[in-house]
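Enquirer: Supplied in structure tokens, the structure appears directly below.
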Amino acid sequence: MLEARSIAKTYGSGPSAVPAIADISFTVGQGEFVCIVGPSGCGKTTLLRCLSGLLPVTGGDVIFDGKRVDKTPDNMAVVFQDYSRSLFPWMTVFANVTFPLRRKRLGKKQTRELAENALHAVGLSDSGDRYPWQLSGGMQQRVAIARALAYEPEVLLMDEPFAALDAQTRADLEDLTLRLRQDFGVTIIFVTHDIDEAVFLADRVVALTQRPTSVLEIVDVDLPSPRDQLATKELPAFIKLRSHVYRLIRRPDAVESISDSVADSVSMAAPIT
Amino acid sequence: MKRRHLFLAVEVLSPLVVLGAWWAVSAGSTDPFFPSLAKIIDQFGQTWLFSRFDSDVVPSLARMFAGYAIAAGVGIPLGVALGLARRLHEAVAPLLEFARAIPPPALIPFGIVVLGVGDAMKIFIIVAVCVFPIVLNAIDGVRSVDPELMDAGRAYQVGRRDRLVHVVLPASMPQIFAGLRTALSLALILMVISEMVASTNGIGYFVLQSQRTFAITEMWSGILLLGILGYVLNLAFGLVERRVLRWHRAARGVATN
Amino acid sequence: MHARRLTYQAMTVLVVVGVLELLTISGVFSAKSFPRITDDVGELASVLRDRVFWQGVGETLRGWALGLGLATLVALPLGLLIGMNQWIRSATTAIIEFLRPIPSVALIPLAVLVLGTGLQSKVFLTAFAAMWPILIGTVYGVRDVDPVVLDTARSFHIRRSDQLRTILLPGALPYVATGFRVASATALILAVTAELVIGMPGLGQQITLAQASNQVPLMYGLIIATGVLGLLINMVIVRAERHVLRWHSSYRKVTT
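Residue numbers (my numbering), protein chains in the order written: chain H, 1 to 273; chain Z, 1001 to 1257; chain X, 2001 to 2256.
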């Protein structure tokens, strides 16, 4: 569904050029939940912006539904990290959620329904008439998610959406995201620096290198569904996976392959280029 | 809590104290240049409420508001357009900078040459001068719209017209209002100067005439009126701004928490 | 990139000047009110050799500088005091809020009455108007200093006067600088206004004289000269501000 084909991104040109991304390739299938993790400053956000068409690539291609991406595709929605700066403060919550729908010209009734359903799905049915700055950080991010949901995308790109929230709110929103994925069937590409979060949420984890960034390893996460904040995180498989990803990110030279004792279907793929 | 009340009390009482002191100190004044406050207030009532209201206050205010409204009506769209068209703005920038650097009163003789000494000249001068802070601030406002907001618009492929009306304009409002506020005080100043230099009616004219004919108490009453006018205009503007930009103050308050 | 922008700007200026010139030559603009730009510039060029012109410039600058200096002398310490002390702030807030919006031009007749038509009037008016931006800037600047920094200083028992010197003043400097820049422009406006309305010697007076004696190209030339003067003053102030703040903005980055 979405394919990153040898993506490269260099800022500037000539001697002062900064190569942020060297070569990143991976694919995301329909309905998958893929998390992208990497060390600080490795260009995760740059990658996401390239995938969403907000930033042009300097090499390689982003292919979505068979077509090259040069601006944000129709069936893609983005949730940004800084919720306080991506929601429009002069609009109510409801207006914020319906704003992207204007261009779809669906008629008042349908637009209203979509917005109300989306707000209900994130648990904010009563907050439609309030302004974003009247809500807590977690609630604001829910509004951003509702905005993305109402847009009825096939793919949802999320850029470290919970990084600025406290741990408990983060846990709630992680659960919400998993639930939404199940109810709405969206494909999710989720960028995070939080390794626990990545392993907890994902079907697959794409681990990135330092700058200039490329794919270090793609780790299959074969943990049982539905995921639970307590039960899943107590599983030995979770701990092993988490440690493995941790080593990939923090100490890439000391990586060893995961032993078979962890049980089936954890595979190595996408070697370092 | 108690300390805060104390501060509030001082804040309210101190101007009253100052007024009282002025009253007291000037009470038996025989100084021709500084009549007692009592006499000034008395004169104020006589002159402005309402005998000279029609003949001087109305024309003054009419000229000022006309000039201000035209300046805003021309300046805001022009500033937004220039803010969006980066190349054009860069090309025109030095001309704008130069025009802005000309001290407004220097333009009054120019106004007299071109339009004579009537209302048209005064309105023209107010427009010509007030347009600049409005345009420059509008340009600034448009160019400093948070790129995150623009990204959100682009990510959801919001149409150009929607982007302008629902994103760029509201986001630039705080800065536009800053320009409107500067323009308001400029409009008042130019109204007064143009009336002092070339007029046969108006508050500014009255004040200068009174000084020239040594009608000192009248002069003071005029100065008082101008002071009150300035204060009231500022207050009214602040109220409108607070209402329109309610979201801005609240959003910024939360962000800094 | 930079060169290209300059080219665009130069071209635009030439186009505008050319259009204005044509409008006058073709008669669309009456030559009496809008003489040819080249005539105006020509007058300006010839007046640059006139000593009277330069005396006028000197007079304007004198009033501007003295007024600005007086305003700073009064407003800076006052602003520091008000900014640092809550009591004084409460006591003066309402008074300042009332005095500030008084258009300083309203005081022209009063100044003439009490101080005459000499330099004192000009300086008084200029100083009164220029005082407010500096005052407000200083108060804001002092209040904006990070309270954590002040608490730290206090916990180390640093004397108030040292706190003022090493923390408050540098911290407030950016705001004060902005206020000073606005005050400088305001002072120029008032100086020219005083010359215009009262007839004190200076550029404002020369412009009025030119207009009254129907020497229209000269009037335009003088207006252009005044604009150039304004630009030059602004450039100097901005450069000075940048110089002072370069040191302090990095200082600020360290403390933040």
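For each residue, glycine too, the CB sits at the ideal point set by N, CA and C. Keep in mind that this is a model prediction, so the values were computed, not measured.
Determine the DSSP secondary structure at Z:A1120, reduced to helix, strand or coil.
Expert: It is helical.
Enquirer: How far does the alpha helix (DSSP H) with X:L2088 in it reach, from first residue to last?
Expert: In the sequence on display, residue 2088 of chain X carries Ile and not Leu. It spans Q2086 to L2099 - the alpha helix (DSSP H) in which X:I2088 sits, taken as one unbroken run.
Enquirer: With H, G and I counted as helix, E and B as strand and the rest as coil, what does DSSP make of X:Y2008?
Expert: The answer is helix: DSSP assigns X:Y2008 an H, G or I state.
Enquirer: Span of the alpha helix (DSSP H) holding H:N83?
Expert: A small correction: the amino acid at residue 83 of chain H is Tyr; Asn does not occupy that position in the sequence shown. Segment Y83 to S86, the alpha helix (DSSP H) holding H:Y83.
Enquirer: Quick one: does Z:T1256 have its CB under 8 Å from some CB of chain X?
Expert: Residue placement at Z:T1256 is poorly supported in this model, since its pLDDT is 40, which falls under 50; the coordinates still yield a value, given next. Z:T1256 does not count as touching chain X.
Enquirer: Using the beta-carbon count (16 or more within 10 Å), is Z:N1257 buried or exposed?
Expert: Because the pLDDT at Z:N1257 is just 34, under 50, the model does not fix this residue reliably, and the value given afterwards should be weighed accordingly. Counting Cβ neighbours within 10 Å, Z:N1257 comes out exposed, since fewer than 16 surround it.
Enquirer: Assuming H:T46 is part of the beta strand (DSSP E), what are its boundary residues?
Expert: Per DSSP, H:T46 belongs to no beta strand (DSSP E); it is in the alpha helix (DSSP H), K44 to L51.
Enquirer: Please go through the same chain and pick out, in chain order, the residues whose beta-carbon is closer than 7 Å to the beta-carbon of Z:I1040, but skip the five residues on each side of it.
Expert: For Z:I1040, where only same-chain residues beyond five positions count, the Cβ hits under 7 Å are T1217, W1220, S1221 and L1224.
Enquirer: When the cut-off is 8 Å and only beta carbons count, does Z:S1199 lie next to chain H?
Expert: Judged by the 8 Å Cβ criterion, Z:S1199 is not in contact with chain H.
Enquirer: Compute the Euclidean distance between the alpha carbons of X:F2098 and Z:G1020, then round it to the nearest angstrom.
Expert: If I take the Cα positions, the gap works out to 15 Å.
Enquirer: At least one CB of chain Z closer than 8 Å to the CB of X:L2068: is that the case?
Expert: X:L2068 does not count as touching chain Z.
Enquirer: Taking H:M158 as part of the alpha helix (DSSP H), name the residues at either end of that continuous run.
Expert: Note, H:M158: premise wrong, no alpha helix (DSSP H); beta strand (DSSP E) at V155 to D159.
Enquirer: Using a Cβ cut-off of 8 Å (strictly closer), state whether X:Q2009 contacts chain Z.
Expert: Output row for X:Q2009: interface = yes.
Enquirer: Can you give me the Cβ contacts of Z:R1003 inside the same chain, cut-off strictly under 6 Å, excluding the 5 residues immediately before and after it?
Expert: Cβ neighbours of Z:R1003 beyond the five flanking positions: none.
Enquirer: State the Cα-Cα distance for the pair H:K109 and H:A115, rounded to the nearest angstrom.
Expert: Cα-Cα distance, rounded: 10 Å.
Enquirer: Can you find the residues in the same chain that come closer than 6 Å, C-beta to C-beta, to Z:A1250, ignoring five residues on each side of it along the sequence?
Expert: Within the same chain, Z:A1250 has no close Cβ partners at all.
Enquirer: Helix, strand or coil, according to DSSP, for H:D23 in the structure here?
Expert: Reduced to three states, the DSSP call for H:D23 is strand.
Enquirer: Determine contact between the region 1082 to 1092 of chain Z and the region 1130 to 1148 of chain Z, defined as no fewer than three beta-carbon pairs at a distance below 8 Å.
Expert: Counting Cβ pairs under 8 Å, three or more are found: they touch.
Enquirer: Whose Cβ in chain H lies nearer than 9 Å to the Cβ of Z:P1174?
Expert: Within chain H, no residue comes near Z:P1174; the closest Cβ sits about 10 Å away, beyond 9 Å.
Enquirer: Could you give the C-beta distance for Z:V1129 and X:S2033, rounded to a whole number, given that I count them as a contact under 8 Å?
Expert: In fact, because the Cβ distance is near 19 Å, the residues do not count as touching under 8 Å.
Enquirer: Below 8 Å between beta carbons: does that hold for H:S13 and H:G60?
Expert: Not closer than 8 Å, so no.
Enquirer: Following the continuous alpha helix (DSSP H) through H:D183, name the residue where it begins and the one where it ends.
Expert: Where H:D183 is concerned, the enclosing alpha helix (DSSP H) stretches over A167 to F184.
Enquirer: From H:G43 to X:M2235, what distance separates their C-alpha atoms?
Expert: Rounded to the nearest angstrom, the two C-alpha atoms are 41 Å apart.
Enquirer: Bridge partners of H:T10, per DSSP?
Expert: DSSP lists H:P19 as partners of H:T10.
Enquirer: Kindly list the residues whose CB is nearer than 6 Å to the CB of H:A146, restricted to its own chain and excluding five residues on each side of it in sequence; keep chain order.
Expert: Hits under 6 Å: V97, A118, L119 and V122.
Enquirer: Find the nearest neighbour of H:D183 within the set H:D175, H:F190 and H:S16, judged by alpha-carbon distance.
Expert: Cα-wise, what sits closest to H:D183 is H:D175.
Enquirer: Can you pull out the residues from the region 2099 to 2114 of chain X whose beta carbon lies closer than 9 Å to at least one beta carbon of chain Z?
Expert: Answer in chain order: L2099, R2100, P2101, I2102, P2103, S2104, V2105, A2106, L2107, I2108, P2109, L2110, V2112, L2113 and V2114.
Enquirer: According to a CB-to-CB cut-off of less than 8 Å, which residues of the region 2002 to 2027 of chain X neighbour chain Z?
Expert: Taking 8 Å as the Cβ-Cβ cut-off against chain Z, the residues of the region 2002 to 2027 of chain X that qualify are R2005, Y2008, Q2009, M2011, T2012, V2013 and V2016.
Enquirer: Does the Cβ-Cβ distance between H:A202 and H:V186 come in under 8 Å?
Expert: No, these two residues do not count as a Cβ contact at 8 Å.
Enquirer: Under the rule that 16 or more other beta-carbon atoms within 10 Å means buried, what is H:L230, buried or exposed?
Expert: Exposed.
Enquirer: For H:R103, count neighbouring Cβ atoms within 10 angstroms of its own Cβ and tell me buried if that reaches 16, exposed if not.
Expert: H:R103 is exposed by the Cβ-count criterion.
Enquirer: Helix or strand or just coil, what does DSSP make of H:G60?
Expert: It is a strand residue.
Enquirer: List, in chain order, every chain Z residue whose beta-carbon is nearer than 9 Å to that of H:T72.
Expert: Simply R1154, A1155, Y1156 and Q1157.
Enquirer: Quick one: using the 10 Å Cβ neighbour count with 16 as the cut-off for buried, is Z:D1151 buried or exposed?
Expert: Answer is buried; the Cβ neighbour count reaches 16.
Enquirer: Measure the beta-carbon distance from Z:I1189 to X:P2103 and round it to whole angstroms, keeping in mind my assumption that it falls under 8 Å.
Expert: Rounded, the Cβ-Cβ distance is 5 Å, consistent with contact.
Enquirer: Based on Cα-Cα distance, which residue from Z:G1116, Z:A1178, Z:S1055 and Z:L1186 lies nearest to Z:F1065?
Expert: Looking at the Cα atoms, Z:L1186 is the closest of the given residues.
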